[in-house]
Structures are given as C-alpha cells and as structure tokens.
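Report on one structure; see the data block that follows.
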Amino acid sequence: MASCSTPHDPTVLDLTYWRFDGKLSIQEGGRSRVVNINWQQRGDSSDIHLNGPLGIGDVHIRTIGNQLIIDTGGNSQVYPLDQDLVIEGDSFRLPWKRLAYWVQGLQGPDMAPIEGTFLQDDWSVSILDSDNNGPILIVLSHPEVRLRLKVRRWQRSTVKGTANQI
Numbered sequence: 000m001a002s003c004s005t006p007h008d009p010t011v012l013d014l015t016y017w018r019f020d021g022k023l024s025i026q027e028g029g030r031s032r033v034v035n036i037n038w039q040q041r042g043d044s045s046d047i048h049l050n051g052p053l054g055i056g057d058v059h060i061r062t063i064g065n066q067l068i069i070d071t072g073g074n075s076q077v078y079p080l081d082q083d084l085v086i087e088g089d090s091f092r093l094p095w096k097r098l099a100y101w102v103q104g105l106q107g108p109d110m111a112p113i114e115g116t117f118l119q120d121d122w123s124v125s126i127l128d129s130d131n132n133g134p135i136l137i138v139l140s141h142p143e144v145r146l147r148l149k150v151r152r153w154q155r156s157t158v159k160g161t162a163n164q165i
C-alpha cells in the first residue's frame, strides 16, 4: 500500500519574520542620546532604522549575509559585519549577528532563552521586562557602551513558500 504523504521539498522555505519599534538609549563616552528604532528581521537579514535629534538624523542599517550596509542621509557604505557603529563621531563595535538573537531574548541560534542576565564576549545582556510577544525592556552593557532598548510593539509571523514566492 502506497503512502499518501508528500515528500519534503527542499526548495520550500520556512522564513521567520519579526519586527519591533521602540526607543533606544545609547550611553557611551560620557554622553547619552535617545533614538527611535524600527527593526525588521526576515531570516538572517536585518533592516534597522534609527532616527533622532541633533546629529543622529536618520540612519538605515541593513545586514545581508556577511555585509553591513549603513546609509546616513543618502550616503551608503558597505562594511563587513564586524564594523564599528559610528554615531556623532563616537564609535563602538556591536556583535550584529548576536544582536538579532539578543533583542528577541535568545542567547543565540540554539534558541536558549536569556534568563536574568547573560554574559558573552564582554557583553552583558539583561532582560528586565517582557510580555507574551517578547522582551520589552533590554539592557546591553559593554565596557565601551550601554544600550537600553524599550520596545513599544512586537509583530511576529512565519512565511512559508518557495524563494520566488517570498
């Protein structure tokens, strides 16, 4: 008797999509600034918009593969993923690949949740508050910088289909 199941099609993708918007406080070099953040994630690709007052303006950050693309006011530059983020002349290095997991409350690709405070490569990641959709207050600390993320709204979905459909 033949089975009625359909064989797995390796060209069918199961792509997780998530996004959030909120406020990001950046403290480094004795200065503090607050920017609006809108982050969209589709698979391994990030699309992050930062905007704020005085010198920060509008910054668009994209990660695609191993590239970091930073667009500031129409001036677009491509860097390797380990590039420092420069804001108002000050720079600090962000672990871009890990950051996409941390903001979701995960330690990394193994999907282990961050419980309390998580330490990795001189970074301390603390989830201070969360709701059913994900973390809503996160503090990331490094000897050079402290980031405080307050999420206003999460949206998550899973898209299934072929590469041409997605």
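By numbering that gives the first Met the number 0, the letter at position 142 of the sequence shown is numbered 141, and the numbering carries on one by one without gaps. C-beta atoms are modelled at their ideal positions from N, C-alpha and C, and glycine is treated no differently.
Beta bridge counterpart(s) of isoleucine 68 as assigned by DSSP: Taking the sequence shown and counting its residues from 1, the one referred to as residue 68 is at position 69. The partner list for isoleucine 68 (beta bridge, DSSP) reads Arg61, Val77.
Sequence-distant residues of the same chain with beta carbon closer than 6 Å to phenylalanine 19, five excluded per side: For the purposes of this step, residue 19 is taken as the residue at position 20 of the sequence shown. The residues are Trp38, Val150, Trp153.
C-alpha gap between arginine 145 and isoleucine 36, whole angstroms: For the purposes of this step, residue 145 is taken as residue 146 along the sequence shown, with counting starting at 1. For the purposes of this step, residue 36 is taken as residue 37 along the sequence shown, with counting starting at 1. Straight-line Cα distance between these residues: approximately 16 Å.
Aspartate 46 beta carbon less than 8 Å from that of arginine 61: Counting from 1 along the sequence shown, the entry for residue 61 is found at position 62. Counting from 1 along the sequence shown, the entry for residue 46 is found at position 47. Cβ distance < 8 Å, so arginine 61 and aspartate 46 count as in contact.
For asparagine 50, three-class secondary structure by DSSP: In the sequence shown, the residue the question calls residue 50 occupies position 51. Looking at asparagine 50 - three-state DSSP - the assignment turns out to be strand.
Length of the line joining the Cα atoms of asparagine 50 and glycine 115: Residue numbering aside, residue 50 sits at position 51 when the sequence shown is read from its first letter. Residue numbering aside, residue 115 sits at position 116 when the sequence shown is read from its first letter. When rounded, the distance between both Cα atoms is 29 Å.
Limits of the alpha helix (DSSP H) - the one that leucine 118 falls within: Translated into the one-based positions of the sequence shown, residue 118 becomes position 119. Where leucine 118 is concerned, there is no enclosing alpha helix (DSSP H), although the beta strand (DSSP E) it sits in stretches over 116–119.
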